[in-house]
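All residue numbers for the sequence shown refer to numbering that gives the first Met the number 0, where the first residue is 0 and numbers rise by one.
Worksheet: the structure to be examined is printed underneath.
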Amino acid sequence: MLGVGLGALVVAWAFGWEEFAIVAAACLVSLVIGVVFLFIGDSSLGVLLALTTPRVVAGDPASTSVEATNEASRRMLPVRLETRVGKGVAHVNVPALAAGASHDELFVIPTSRRSIVPVGPVRSVQGDPLGLVRRERTWTGTETLYVHPKTVRVSSLTTGWMRDLEGETTNDRSPSDVAFHTLREYVVGDDRRHIHWRTTARQVDGKLMVREFVDTRRAHLGLLLSVDDEDYRNEDEFELAVSALGSMGLRGLADEQEVTCVAGARRVPSYHGSSFLDSLAGLELGSDDTSLVSSAARGRDVLRSVSVAVVVTGSAGDGSAARAAVDRLGSSVHTIIIRAGADGESVVRASSGAPVIELVMLEDLPRLVFAVTAP
Numbered sequence: 000m001l002g003v004g005l006g007a008l009v010v011a012w013a014f015g016w017e018e019f020a021i022v023a024a025a026c027l028v029s030l031v032i033g034v035v036f037l038f039i040g041d042s043s044l045g046v047l048l049a050l051t052t053p054r055v056v057a058g059d060p061a062s063t064s065v066e067a068t069n070e071a072s073r074r075m076l077p078v079r080l081e082t083r084v085g086k087g088v089a090h091v092n093v094p095a096l097a098a099g100a101s102h103d104e105l106f107v108i109p110t111s112r113r114s115i116v117p118v119g120p121v122r123s124v125q126g127d128p129l130g131l132v133r134r135e136r137t138w139t140g141t142e143t144l145y146v147h148p149k150t151v152r153v154s155s156l157t158t159g160w161m162r163d164l165e166g167e168t169t170n171d172r173s174p175s176d177v178a179f180h181t182l183r184e185y186v187v188g189d190d191r192r193h194i195h196w197r198t199t200a201r202q203v204d205g206k207l208m209v210r211e212f213v214d215t216r217r218a219h220l221g222l223l224l225s226v227d228d229e230d231y232r233n234e235d236e237f238e239l240a241v242s243a244l245g246s247m248g249l250r251g252l253a254d255e256q257e258v259t260c261v262a263g264a265r266r267v268p269s270y271h272g273s274s275f276l277d278s279l280a281g282l283e284l285g286s287d288d289t290s291l292v293s294s295a296a297r298g299r300d301v302l303r304s305v306s307v308a309v310v311v312t313g314s315a316g317d318g319s320a321a322r323a324a325v326d327r328l329g330s331s332v333h334t335i336i337i338r339a340g341a342d343g344e345s346v347v348r349a350s351s352g353a354p355v356i357e358l359v360m361l362e363d364l365p366r367l368v369f370a371v372t373a374p
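Rendered as structure tokens:
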């Protein structure tokens, strides 16, 4: 509008055309009126943005409220507010408010799928009726809603064990550990530091006696998720895979096991349930092109001490990538493969190296995990 006005003014001055002078004057008046509208209405506004809850499970209801308050001592003119909700924008038309009065509106946030939804900031939008000028003012920060994957409760994963100073004792004998078990005769190759000299001195035949220990062990659960879109037939399969992964991880955390999770080229924080599910909420299919085998190789350093590993992938392909990933983890690791979205019924299928859970519905996972881990 300013450019049109200036152009009309130049033409009117150069050629003496009154029509262009009128156009220039109209443009100038419109701009002046628009500027006046920019500074009307929101100088004494107070805005509060609040989520009903910061975390929900996919499919559960979630909402946010926007409350606008007139903090001035006089009546406030109507104001239009905008707030970002995910990829969309919600609008709040605040009516004229008396001094100290408030206007509150509630918005329902879509939670049908697992995601991280940014909510806010709330901005006031001022402008003239012709839409020539516009001014935005930010009133709040951004809140974050975590839409967690659906999970189910599965049985404890106690088939794999590793030595650990804080673990439980077992019946497996060990030449060195923290849990003393018994004494036995020395044999070639025993560590002389474990000779029990007091008992040896009492032996008539002069035989050396050494201490024998038992292993103490603690489970360390490793989780490996494929994010390669070539491993999945559709996004629903990936959602099922993430839900299965989350269910297994929560079981390990509930059992106070150490849990290490790798998704593609990324290590997923898994120190406690909330941070673990928050991280899973942000996983995206095809977020990187790391194959399942490469992911296992790259994550070898963080997964090297795991005693139980769960490899989760989709139903696309023949499963050779999952088996190759299992081989990368090592033969000493007890491994379960979960293929999400398989056709037919959910079953456990025997396979060389690791049992394979063909998972069709998340509700079938507890039964299948029990079948795999039951003694």
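Just so you know, even glycine gets a beta-carbon here, dropped at the ideal spot from N, CA and C.
Just so we're clear, the structure is a prediction, and the values are computed from it rather than from any experiment.
Paired residues, beta bridge with residue i - DSSP
| i | result |
| --- | --- |
| methionine 75 | Leu96 |
| glutamate 81 | His90, Arg122 |
| methionine 208 | Glu184 |
| valine 359 | None, per the DSSP bridge assignment. |
| threonine 137 | Arg122 |
Element boundaries [alpha helix (DSSP H), containing residue i]
| i | result |
| --- | --- |
| arginine 322 | 319-328 |
| threonine 372 | 364-372 |
| arginine 54 | No alpha helix (DSSP H) holds arginine 54; the beta strand (DSSP E) holding it covers 54-56. |
| valine 301 | 299-302 |
Sequence-distant residues of its chain with Cβ nearer than 8 Å to residue i (five each side left out)
| i | result |
| --- | --- |
| arginine 322 | Ile336, Ser350, Ser351, Gly352, Ala353 |
| serine 269 | Leu222, Gly248, Leu252, Val258, Thr259, Cys260, Phe275, Ser278 |
| glycine 380 | Beyond the ends of the chain as shown, which are 0 and 374, falls residue 380; an answer cannot be given. |
| arginine 112 | Ala57, Val146, Glu238 |
| glycine 99 | Thr68, Asn69, Glu70 |
First through last residue of the beta strand (DSSP E) which encompasses residue i
| i | result |
| --- | --- |
| threonine 103 | With the sequence shown as reference, residue 103 is identified as aspartate, and threonine is not the correct amino acid for it. Counting along the chain, the beta strand (DSSP E) containing aspartate 103 begins and ends at 101-107. |
| valine 307 | 307-313 |
| arginine 348 | 346-348 |
| glycine 45 | 44-50 |
| valine 186 | Counting along the chain, valine 186 falls outside any beta strand (DSSP E), and DSSP gives it neither H nor E. |
| valine 146 | 142-147 |
| arginine 338 | 333-339 |
| alanine 67 | 62-69 |
7 Å CB neighbourhood of residue i in its chain, flanking five on each side removed
| i | result |
| --- | --- |
| leucine 282 | Val226, Val241, Ala262 |
| threonine 68 | Gly45, Ser101 |
| valine 121 | Val46, Leu48, Val65, Leu80, Thr82, Trp138, Thr139 |
| serine 345 | Glu357, Leu358, Val359, Met360, Asp363, Leu367 |
Proximal residues to residue i (C-beta, below 6 Å), its chain only, five neighbours per side dropped
| i | result |
| --- | --- |
| valine 124 | Arg79, Glu81, Glu135 |
| asparagine 92 | Arg79 |
| threonine 51 | Ser62 |
| serine 304 | His219 |
| arginine 327 | Ala295, Ala296 |
| glycine 285 | Asp228 |
| glycine 298 | Val261 |
| leucine 244 | Leu222, Leu224, Val311 |
Chain C contact for residue i (CB, 8 Å cutoff)
| i | result |
| --- | --- |
| threonine 63 | Of the protein chains in the structure, only one exists, and it is not chain C. |
Which runs of the alpha helix (DSSP H) at least 4 residues long sit entirely within the segment 211-297? Give them in chain order. 234-253, 272-280, 291-297
Do three or more CB pairs link the segment 146-155 to the segment 356-368 at distances below 8 Å? yes
Inter-stretch contact at 8 Å, needing at least 3 Cβ pairs: the segment 78-93 / the segment 303-311: no
Is the segment 100-112 touching the segment 55-66 in the sense that three or more CB pairs, one from each, lie closer than 8 Å? yes
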